[in-house]
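Student: If you're matching positions, the sequence shown starts at 8 in the working numbering and goes up one per residue. In this text, a Cβ means the ideal position worked out from N, Cα and C, and glycines have one as well. Below: one structure in C-alpha cells.
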Amino acid sequence: MKKRTILAVLAVICVCMEIFSGCSGTESAEDFVKEEAGETAEKPTKAESEKNAEKSTKAEAEKNAEKSTKAESEEILIAAAASLKNAYEEDLIPMFQERYPQITVKGTYDSSGKLQTQIEEGLAADVFMSAAVKQMKALDEGGWIASETVVDLLENKIVLIVPAGQEEGITAFEEIVKADIIALGDPESVPAGQYAREALLRLGLWEDVSAKASFGTNVTEVLNQVAEASADAGIVYATDAAGMADKVSVVAQAPEVGLSDKVIYPVAVVKGTAHREAADCFVKFLTSQEAIEVFQSYGFTERK
8 MKKRTILAVL AVICVCMEIF SGCSGTESAE DFVKEEAGET AEKPTKAESE
58 KNAEKSTKAE AEKNAEKSTK AESEEILIAA AASLKNAYEE DLIPMFQERY
108 PQITVKGTYD SSGKLQTQIE EGLAADVFMS AAVKQMKALD EGGWIASETV
158 VDLLENKIVL IVPAGQEEGI TAFEEIVKAD IIALGDPESV PAGQYAREAL
208 LRLGLWEDVS AKASFGTNVT EVLNQVAEAS ADAGIVYATD AAGMADKVSV
258 VAQAPEVGLS DKVIYPVAVV KGTAHREAAD CFVKFLTSQE AIEVFQSYGF
308 TERK
C-alpha cells in the first residue's frame, strides 16, 4: 500500500513536470524518472563531443577528397613529331604534370606522316603536334582534328650536318654532293625529308643526292646515322643538331630560296577525344610563355 502511494505521487509529479518543461525547456519527466531510477545514460563531455565531431568531419573530408581525385584523374596521349621528344619528355610534360597532378601525360613520337596514318587508323591520341602543316591539314580536312583548336605554334630550320670533327670536306649546303653516304628522312612520310627534297630540287641537286641517300623513317634516325658516322652528311632540323652538338656539326642552313614555306609546327586537339578538357588544357599550356621559353631553349622559335 505504501509502495503504491509512492508511485502515485511520482506519477503526479511527472505530469506536473511535463507541463512545466513544455514551457520552460527544463528536464523532462522521462529524464526525471530515469534519474530517480538510476537509469540516466552517461553523457559525453564537451571535449569528447568536439573530438568525435572532428574525427567525423576529417573522415568525411578524406572520403570526399579520394572520390574527387578518382573522378578527376585521367590520362592523355600526345602524338608528336620525333624532333619534339626531348623538349616534351625532359621539360614540358614534367612541368605540366606538376601544375596539373590529376592529369597524366604520355607521349608517342615518330615522323609526322606515320603519326597521321596511325590517327587515321584509330590511334587514341588526344593531342597531335606535327613538324609540318601538311599532316595537320590532311587530318583536319579528314575530320580527325578539332579545327578550332589548331595553333601554328613553332618554327624550325633545316640544316646540313656532318659528324663532329669532319667539317673540312663540306662547308656549304650545295656541297652535300661531295658526301658518299647522305642520311635523309624518307620524303614519303618524314617532313624533314620533304623539306630536304624540296630544297635540293630547287638547287638542282636532288637526283645526285638521292642516289647516295640512306633514308630514315624519322628525323631521329637521320641524326643518329650522322652522329655515329655511318653517314657522311645529313639534313635535319636545327633543333635536332643542337641536341647532339657534341657528335654532329652544323655546316650550313638550307637557303631560304630552297623552301617555299617555313618549317611550321602546328598543334591541335584530336577530334572525338574522350578527354577534351584535359587535352584543351595541355594545348593551352603549350602556348604559355613558360612553355615557349622551354621550346626556345631547344632551338625552336615562336611562330608570330
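1) So who's on the other strand from Asp-159, going by DSSP bridges?
2) Are the beta-carbon atoms of Val-138 and Ser-154 separated by less than 9 Å?
3) Please report the Cβ distance between Val-243 and Val-166, rounded to the nearest whole angstrom; I am assuming they are in contact, meaning their Cβ atoms lie under 8 Å.
4) Does the stretch 217–227 come within contact of the stretch 263–278, defined as at least 3 CB pairs closer than 8 Å?
5) Looking only at DSSP bridge pairs, what is Tyr-107 linked to?
6) Within the continuous beta strand (DSSP E) that includes Tyr-244, where are the two ends?
7) Straight-line CA distance for Ile-83 to Asp-133?
8) Check whether the Cβ atoms of Leu-207 and Val-197 sit closer than 9 Å, and answer yes or no.
9) Which same chain residues, not among the five before or five after Ile-100, have their C-beta less than 7 Å away from its C-beta?
10) To the nearest angstrom, report how far apart Glu-148 and Lys-219 are at their CA atoms.
11) Buried or exposed: which applies to Gln-260, given that a residue is buried once 16 or more other Cβ atoms fall within 10 Å of its Cβ?
12) Taking the C-alpha atoms as reference points, what is the distance between Val-158 and Asn-93?
13) By DSSP's criteria, Thr-115 is part of a beta bridge. Which residues make up the other side?
Tutor: Looking at the coordinates:
1) For this step, residue 159 is matched to residue 152 along the sequence shown. Beta-bridge analysis with DSSP links Asp-159 to Pro-273.
2) The residue you call residue 138 lines up with position 131 of the sequence shown. The residue you call residue 154 lines up with position 147 of the sequence shown. The sequence given here places Ala at residue 138; Val does not occur at that position. Contact flag unset, no.
3) Counting from one through the sequence shown, the residue named residue 243 turns up at place 236. Counting from one through the sequence shown, the residue named residue 166 turns up at place 159. Indeed, because the Cβ distance is near 7 Å, the residues count as touching under 8 Å.
4) The stretch 263–278 and the stretch 217–227 do not touch, with fewer than three beta-carbon pairs separated by less than 8 Å.
5) Residue numbering aside, residue 107 sits at position 100 when the sequence shown is read from its first letter. Looking at the DSSP assignment, Tyr-107 forms no beta bridge with any residue, so it has no partner.
6) Taking the sequence shown and counting its residues from 1, one reaches residue 244 at position 237. Here the beta strand (DSSP E) through Tyr-244 covers 240–244.
7) Taking the sequence shown and counting its residues from 1, one reaches residue 83 at position 76. Taking the sequence shown and counting its residues from 1, one reaches residue 133 at position 126. The straight-line gap from Cα to Cα measures roughly 6 Å.
8) To locate residue 207, count along the sequence shown from 1; it is residue 200. To locate residue 197, count along the sequence shown from 1; it is residue 190. No.
9) Reading the sequence shown from its first residue, position 93 is the one you call residue 100. Apart from the 5 residues on each side of it in sequence, Ile-100 sits with its Cβ closer than 7 Å to the Cβ of Val-112, Gly-114 in its chain, given in chain order.
10) Along the sequence shown, read from residue 1 onward, the residue named residue 148 stands at position 141. Along the sequence shown, read from residue 1 onward, the residue named residue 219 stands at position 212. Straight through space, the alpha carbons of Lys-219 and Glu-148 are spaced by roughly 36 Å.
11) In the sequence shown, residue 260 corresponds to position 253, counting from 1. Under this definition Gln-260 is an exposed residue.
12) Locating residue 158 in the sequence shown gives position 151, where the first residue counts as 1. Locating residue 93 in the sequence shown gives position 86, where the first residue counts as 1. One Cα belongs to Val-158, the other to Asn-93, and the distance between them is close to 21 Å.
13) Against the sequence shown, residue 115 aligns to sequence position 108. By DSSP's assignment, Thr-115 forms a beta bridge with Ala-86.
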